[in-house]
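Structure first, commentary second.
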Amino acid sequence: MSSNPPAAAQIDNDGFKLIRDVLRTAGLRGVETDASSDMKRDALIFLTSEFRDGVRTKASLLDALTRRSRSSTVGARFGRFSKEDAIDRWRDEGGR
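Numbering (numbering that gives the first Met the number 0), first residue to last: 0 to 95.
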């Protein structure tokens, strides 16, 4: 079997330009942004996934990014922890 992804999963130059434009509009691209490198990378990965899943307009991608940001904020407010937090807690409680 081939390890190459199917052609539908490939992103062409126009797709990359669209994702770049969405990131710039959302304040997640460029040197003047206050966003951390991790935030920028996570947003890029998320938008790439959305694009591959068929979300192909600037408005739809911005909307998806906004929904994701809101759900992340809600999750943090209700005490959800990251995987790293869970591993640290496990180690603190005697895990190896």
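Glycine residues also receive a C-beta, built at the ideal position from the N, C-alpha and C atoms.
Everything numeric in this text was worked out from a predicted model, so none of it was measured.
Asked	Found
Span of the alpha helix (DSSP H) around V21	N12 to T24
Spatially closest choice to K57 from V21, D13, E83 and Q9, by CA coordinates	V21
DSSP three-state assignment for R88, whether helix, strand or coil	helix
First through last residue of the alpha helix (DSSP H) which encompasses L27	Careful: L27 lies outside any alpha helix (DSSP H) and carries neither H nor E.
When D91, R67 and L17 are compared against F45, the one with the closest alpha-carbon	R67
Same chain, Cβ closer than 6 angstroms to L27, five either side skipped, listed in chain order	A34, K39 and A42
Reference L17; option with closest CA among T32, V30 and L61	L61
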